[in-house]
Amino acid sequence: MNPSRAPIIAGNWKMQHGGRSGCELAASLRRELGDPRGVTVIVAPPFTALAAVSAELDGSPIAVAGQNLHAAPSGAFTGEISAAMLSEAGASWVIVGHSERRQLFGETDASVAQKTAAALSAGLRPIVCVGETLEERDAGRTFDVVLSQARAVLDALAASGGVHALAYEPVWAIGTGRNATAAQAEEVHARLRALLAETSPALAASTPILYGGSVKPDNASALLACANVDGALVGGASLDAAQFLAIVAAAHRA
Ligand code: PGA
């Protein structure tokens, strides 16, 4: 990590810990976190638990994120949630373009760019996810894929001047227990930072780039020690307070 960028540890609960168990997890995190010592700690519960988890965390240093949003401010979009609705429910961040959204729900670079712009214009901080599949990596296309996904949101990020983050999440590392090595992560993060620098050095310097994909307490330190890894987007290990807080502690030490 680079000391000029505050580390971010974000927990993506996915379709787990709705309602009551989400509130219990949030209460444990709040009780046991203590002083986050400069680490931005975020949890992303399912939509139905957002307001309750936000209330549980009110006044604590833990921020809340949505896992997705619709790009339109309102309208006839059955089953969808707007940026303003997320804010109203207490979210200050939102995950955009997670690979599960891209692969299972048909999100494209264009829709991810629209959602990113919508989040920023409503004052939400997007965490935009990019990442290659195993097939793409094996075909030597990692940089092509990741950089073109990131390029799609560059204009929105540069134009807003707001707070945002990128997350590099290799699809083959998500939920598989097979994390990218520190060297593999750093190689991609450095390329992403160089891409941001083509738009502006300030954008490159100020954009946190998180790593996600099987981050656990025992591999977090090595990943977070990389110069261009500014935090982690954590799935499975964020469902358990002790594991998630051990990753936050690794960010303190990095
Ligand atoms: P994982 O998920 O930590 O369970 O691999 C990461 C993510 O999908 O954000």
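Residue numbering for the sequence shown follows our numbering, beginning at 16 and increasing consecutively. Cβ atoms here follow ideal geometry from the backbone N, Cα and C, with glycine treated the same way.
Whole-Å CB distance - T214 paired with L181, under 8 Å assumed: With 8 Å as the limit, T214 and L181 do not qualify as a contact, their Cβ atoms being about 13 Å apart.
N-terminal and C-terminal residue of the alpha helix (DSSP H) that I24 is part of: That residue, I24, is in no alpha helix (DSSP H); its beta strand (DSSP E) goes I23 to N27.
Around the Cβ of S114, are there at least 16 other Cβ atoms within 10 angstroms (buried) or fewer (exposed)? buried
Among D245, S107, V203 and G94, the one whose alpha carbon lies nearest that of L162: V203
Environment of S89 [buried if 16+ CB atoms lie within 10 Å]: exposed
In this structure, how does DSSP classify T55 when only helix, strand and coil are distinguished? strand
Cβ distance (whole Å) where L207 is taken to contact Y226 below 8 Å: Not confirmed; about 11 Å, so no contact.
Does the Cβ of L149 have 16 or more other Cβ atoms within 10 Å, making it buried, or fewer, making it exposed? exposed
Other residues of its chain near S236: CB distance less than 6 Å, five sequence neighbours each side excluded: A265
In chain order, which alpha helix (DSSP H) runs of at least 4 residues are fully inside the region 65–152? 98–103, 114–119 and 124–136
Starting from A252, follow the beta strand (DSSP E) in both directions and report where the run begins and ends. Careful: A252 lies outside any beta strand (DSSP E) and carries neither H nor E.
Given A25 as reference, the closest of A165, G81 and A171 once Cα atoms are compared: G81
Among N27, P22, A128 and L101, which has the Cα closest to the Cα of S253? N27
Reference A242; option with closest CA among A219, S229, L48 and G250: A219
Whole angstroms are fine: how far does the CA of E151 sit from the CA of S57? The question names Ser, but residue 57 is Ile in the sequence shown. Between I57 and E151, the C-alpha separation is close to 30 Å.
Decide if the region 58–66 is in contact with the region 33–43; the criterion is three or more beta carbon pairs, one per stretch, under 8 Å apart. yes
Looking at V230 and the ligand PGA, is the gap between the Cβ and the nearest heavy atom below 7 Å? yes
Where does A195 sit, in a helix, a strand or coil, going by DSSP? coil
In this structure, how does DSSP classify G227 when only helix, strand and coil are distinguished? strand
Note the first and the last residue of the continuous alpha helix (DSSP H) segment covering A188. No alpha helix (DSSP H) contains A188, which DSSP labels as neither H nor E.
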